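K.L.:
Handing you this structure, nothing more for now.
Residue numbers (my numbering): 5 to 312.
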C-alpha cells in the first residue's frame, strides 16, 4: 500500500503537528489537508488544502471531511483525547487506511506508566480502541517520540532552567531517557508514511540518543560558559503529591509533573533502547544522526541572551 493523501488535525501553533506539516510540505511527495474547526484562525501554506468542520465535531461532518484520505494524523493536545474517538470512528467509516494517534511520548501500553500518569492512561485507552477497529482496510501506528529536548529547554520541563542556569536533579540525574526533537519526530513520521509496513498496528519507538539530566547540563555549561546551580528533589514526595493533586482536583500541572516523572525515573523505562523496547525506528530505517550536543547547541544559538 502506498500513501498519498494525508490529513492532519492539530497542525496549527508550534506543536508537533506544525513540524509534521513542515516536513510534509518540504518533502513534496504527498497531497496534504489540514482539518480545522470552523472557528480556527490558523493559517497554512498555499500548497495545503484546508477543510473546516463545525466546532462540535459532528460525525457526519468528519466522515465527509475524511473521505478520500489515506492517512489521518492526530496531534491533538494532551487533554483532547476524547475527540480522537470521534476522528477514529469517522476514519473507519470514511475508508481511511491508517490512523496515527496523538501519542508522541512514552510507552503508554506499559501498565506501570498508566498507573503513574493519567495522560499515559488516556493515550493507552485510545490505542486499545484502535486495536478494536483493526481490519484489512484500517490500521494504525503509534509513534513514541519520548521527550523533545529543545522543548524541555524552552519550558524548563525537566527541572533544567537554562535561563537561570539552575538544575534540580531527580535522584542523581544519571538516568538516560531517549531524547528527540519535534523536528526529528516529524522526520520520523515522514519516513513511516513512506514505509507503510513499518509500524503497522503497533507502537514504534524513536531513540536517536539517550541522555541524562547531568549530560544535558554539562553541555549547557560548556556552551553557555557558566556553572549551574545544583539542587536535588525528593522524587517520591513529588510523585505522591502530584498524584494526590490530580485525584483531588484534576490539577493539570500535576499531570505534567507525572509526565516528567515518567521520563526521569528509571522504573518507567523511557530509555527505550536500553530498556529493550521494540521496534526501534532507527534499527529499521535510516534516520538522521542526533546528539545531545547538537540539540543543545541549536537551542543556545537561538537564545544568545542565556550565554554568559
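Don't be surprised by glycine CBs; every beta carbon is placed ideally from N, CA and C. None of the values given here were measured: they were computed from a predicted structure.
Let me confirm a value: residue 186 is counted as buried when at least 16 other C-beta atoms fall within 10 Å, else exposed. Which label applies?
P.N.:
Here residue 186 refers to the residue found at position 182 when the chain shown is read from its first residue. Classification for residue 186: buried.
K.L.:
If you check the beta carbons only, do residue 74 and residue 8 fall under 8 Å apart?
P.N.:
Residue 74 sits at position 70 when you count from the first residue of the chain shown. Residue 8 sits at position 4 when you count from the first residue of the chain shown. Cβ atoms of residue 74 and residue 8: closer than 8 Å.
K.L.:
Cα separation between residue 222 and residue 121?
P.N.:
On the chain shown, position 218 is the one that residue 222 refers to. On the chain shown, position 117 is the one that residue 121 refers to. For residue 222 and residue 121, the distance between alpha carbons rounds to 29 Å.
K.L.:
List the whole-angstrom C-beta distance separating residue 79 from residue 14, where the pair is believed to meet the contact cut-off of C-beta under 8 Å.
P.N.:
Reading the chain shown from its first residue, position 75 is the one you call residue 79. Reading the chain shown from its first residue, position 10 is the one you call residue 14. Yes, they are in contact, since the Cβ atoms of residue 79 and residue 14 sit about 4 Å apart, within 8 Å.
K.L.:
So, do the segment 185 to 201 and the segment 157 to 177 have three or more beta carbon pairs nearer to each other than 8 Å?
P.N.:
Segments in contact, no.
K.L.:
When the Cα atoms are used, what is the spatial distance from residue 280 to residue 303?
P.N.:
Start at 1 with the first residue of the chain shown, and residue 280 comes out as number 276. Start at 1 with the first residue of the chain shown, and residue 303 comes out as number 299. Their backbone Cα atoms lie some 30 Å apart in a straight line.
K.L.:
Quick check: what's the CA-CA separation for residue 231 versus residue 159?
P.N.:
Within the chain shown, the letter at position 227 stands for residue 231. Within the chain shown, the letter at position 155 stands for residue 159. Answer to the nearest angstrom: the Cα atoms are 20 Å apart.
K.L.:
Please go through the same chain and pick out, in chain order, the residues whose beta-carbon is closer than 8 Å to the beta-carbon of residue 90, but skip the five residues on each side of it.
P.N.:
Here residue 90 corresponds to residue number 86 of the chain shown, with the count starting at 1. For residue 90, where only same-chain residues beyond five positions count, the Cβ hits under 8 Å are 61, 63 and 66.
K.L.:
What is the DSSP secondary structure of residue 53, reduced to helix, strand or coil?
P.N.:
Walking along the chain shown from the start, residue 53 turns up at place 49. Strand, per DSSP.
K.L.:
For residue 232, which three-state DSSP category applies?
P.N.:
Taking the chain shown and counting its residues from 1, the one referred to as residue 232 is at position 228. Note: residue 232 maps to coil in three-state DSSP.
K.L.:
Report the start-end ranges of each beta strand (DSSP E) in the segment 230 to 282 that is 3 residues or longer and not cut off at the edges.
P.N.:
You should have 233 to 237.
K.L.:
Closer than 7 Å by C-beta to residue 170: which residues in its own chain qualify, once you throw out the five before and the five after it? Chain order, please.
P.N.:
Position 166 of the chain shown, counted from the start, is the residue given in the question as residue 170. For residue 170, where only same-chain residues beyond five positions count, the Cβ hits under 7 Å are 232 and 233.
K.L.:
Suppose you measure from the CA of residue 259 to the CA of residue 123; what does that come to, to the nearest Å?
P.N.:
Position 255 of the chain shown, counting from 1, holds the residue named residue 259. Position 119 of the chain shown, counting from 1, holds the residue named residue 123. Each residue's Cα considered, the two are about 7 Å apart.
K.L.:
Pair every Cβ in the segment 103 to 121 with every Cβ in the segment 32 to 40, then say whether three or more of these pairs are closer than 8 Å.
P.N.:
Touching, no.
K.L.:
Going by CA-CA distance only, name the one from 180, 227 and 263 that's closest to residue 250.
P.N.:
For the purposes of this step, residue 250 is taken as the residue at position 246 of the chain shown. Out of 180, 227 and 263, 263 has the C-alpha closest to the C-alpha of residue 250.
K.L.:
List the endpoints of the continuous alpha helix (DSSP H) containing residue 147.
P.N.:
The residue labelled residue 147 in the question sits at position 143 within the chain shown. Run containing residue 147: none in the alpha helix (DSSP H); it sits in the beta strand (DSSP E), 143 to 148.
K.L.:
Report the partner residues of residue 171 according to the DSSP bridge assignment.
P.N.:
Position 167 of the chain shown, counted from the start, is the residue given in the question as residue 171. Residue 171 pairs with 164 and 234.
K.L.:
With DSSP collapsed to three states, give me the class of residue 205.
P.N.:
Position 201 of the chain shown holds residue 205. Three-state result, residue 205: coil.
K.L.:
Are at least three pairs of beta-carbons, each pair with one atom in the segment 268 to 278 and one in the segment 93 to 101, less than 8 Å apart?
P.N.:
Short answer: they don't touch.
K.L.:
Output the distance between the C-alpha atoms of residue 21 and residue 49, rounded to the nearest integer angstrom.
P.N.:
Taking the chain shown and counting its residues from 1, the one referred to as residue 21 is at position 17. Taking the chain shown and counting its residues from 1, the one referred to as residue 49 is at position 45. Cα-Cα distance, rounded: 14 Å.
K.L.:
Going by CA-CA distance only, name the one from 306, 130 and 111 that's closest to residue 211.
P.N.:
Locating residue 211 in the chain shown gives position 207, counting from the first residue. When only C-alpha atoms are compared, the closest one is 111.
K.L.:
Report the CB separation of residue 131 from residue 113 in whole angstroms; it is logged as a contact under 8 Å.
P.N.:
Here residue 131 is taken as the residue at index 127 of the chain shown, counted from 1. Here residue 113 is taken as the residue at index 109 of the chain shown, counted from 1. About 6 Å; that satisfies the 8 Å criterion.
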